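Numbering (UniProt numbering), first residue to last: 1 to 411.
Glycine included, every Cβ here is placed at the ideal spot set by N, Cα and C.
These numbers were taken from a predicted model, which means no experiment stands behind them.
1. Since I believe residue 256 is in contact with residue 370 (beta carbons under 8 Å), could you give me their beta-carbon distance rounded to a whole number of angstroms?
2. Does DSSP put residue 109 in a helix, in a strand, or in coil?
3. Find out if the Cβ-Cβ distance for the pair residue 410, residue 253 is shorter than 8 Å.
4. Could you tell me the distance, in whole angstroms, from the CA atom of residue 29 to the CA atom of residue 40?
5. Taking buried to mean at least 16 other C-beta atoms within 10 Å of its own C-beta, is residue 101 buried or exposed?
6. Taking the runs of the alpha helix (DSSP H) that are 4 residues or longer, which of them lie wholly in the segment 143–216?
7. Name the DSSP beta bridge partners of residue 407, please?
8. Short check: CB of residue 65 to CB of residue 366, under 8 Å?
9. Could you give the residue range of the alpha helix (DSSP H) that holds residue 337?
10. Around the Cβ of residue 32, are there at least 16 other Cβ atoms within 10 angstroms (buried) or fewer (exposed)?
11. Have a look at 172, 145, 381, 262 and flag the residue whose alpha-carbon is nearest the alpha-carbon of residue 204.
12. Where DSSP assigns a beta bridge to residue 67, which residues make up the other side?
13. By how many angstroms is the C-alpha of residue 242 removed from the C-alpha of residue 191?
14. Do residue 265 and residue 304 have their C-beta atoms closer together than 8 Å?
15. Is the beta carbon of residue 83 sitting closer than 8 Å to the one on residue 202?
16. Buried or exposed for residue 75, please, with buried defined as at least 16 other CB atoms from any protein chain shown within 10 angstroms of its CB.
17. Where does residue 308 sit, in a helix, a strand or coil, going by DSSP?
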């Protein structure tokens, strides 16, 4: 008679397993639903000063954000590069002089598409020396306001112009450059004749935004605020767009390229998330198209643009992009929009896991005057951006009556 075998799992053992699984599910769910700790961004009332307090930070950083206007066309880009050179020239050696040297301050500067940032970094143990830091800030602002162009201004412009020309050799760069020059037409005079005004408007203390991060910054912000009185000063260079008529360039390769593009309102607009989600959805739509495509999107200070560059066997000099735009809109679905939203949320969550990434958003929030709870509310506002809003935004893109079309034909 065969020997009886005991069951592999007895009833008590199974109960224990069930409880362990249940507890694990609860813990995992709690972990997924736990809200992330975002940095606390503060803004002084009636002052363009934003700050984040970090008691354990190894340094104190002051970042002066200078508004240059959106550097879109070729002349605007050159002017901004020349402005950066001029600022670096005027600030050279400042860190070796008091009060900068006494505070152990280091200076750095960089340009982006619509601003120049001057960063002053001090050791954390100097963060309490508010009077000395205020004196340093006053010295910096005075040095910026003392415009000293030098005799080599024209030569520096010519060198920058030559570098820009060399960077416009490939077909896509040529197309994009022409599009940007149509969006913001040329000035009525040579840009160098306007450089002094451009410099003064960009370096005016009343047009700056200041961000602070590090220990003891709340009180420091109050000390420095009177040095930066908020104003409505805007950069003096405001080119007007040219009429959006079809343009054909001279051939440079054995392939045909086409650019479609439109102007956009800029980063401060209320429907930014709808625009962002619409662009991400369009990128997915274009991946399904046979032609090779590239989508370029810029959302800058009070101005932006969206451009689509197409090439491939189906793209000819006489190709009508209207049919392509209609097909893109016909392929639009809720599934694609939902996928774009999920990807966007996932990327945001991954990026914001690092405190340094959150701190990197401080300048963005301050410069574009976004709500100080922007990081905390991002996921909620993204969910609240409905698919119908995104469809409407994409429709406004593709059916925009002011769209530009540029052709770069093959030989």
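Taking the coordinates as given:
1. Residue 370 to residue 256, Cβ: 41 Å. No contact.
2. Look at residue 109 here: in three-state DSSP terms it is strand.
3. At the C-beta level, residue 410 and residue 253 come within 8 Å of one another.
4. The predicted position of residue 29 is uncertain, since its pLDDT is 43 and thus under 50; no value can be drawn from it.
5. Exposed: under 16 other Cβ atoms inside 10 Å.
6. Listed in chain order, they are 153–166, 171–183, 195–203.
7. Within the DSSP bridge table, the entry for residue 407 names 248, 258 as partners.
8. Contact flag set, yes.
9. For residue 337, the enclosing alpha helix (DSSP H) covers residues 334–351.
10. Because residue 32 sits at a pLDDT of 42, beneath the cut-off of 50, its placement in the model cannot be relied upon, and the following sentence gives the value as read from the coordinates. With fewer than 16 Cβ atoms within 10 Å of its Cβ, residue 32 is classed as exposed.
11. Measuring from the Cα of residue 204, the nearest candidate turns out to be 145.
12. DSSP output for residue 67 lists 115 as bridge partner(s).
13. Between residue 191 and residue 242, the C-alpha separation is close to 18 Å.
14. In this structure, the beta-carbon distance from residue 265 to residue 304 falls below 8 Å.
15. Here residue 83 is near residue 202, since their CB atoms are less than 8 Å apart.
16. Buried, since its Cβ has 16 or more Cβ neighbours within 10 Å.
17. Strand, per DSSP.
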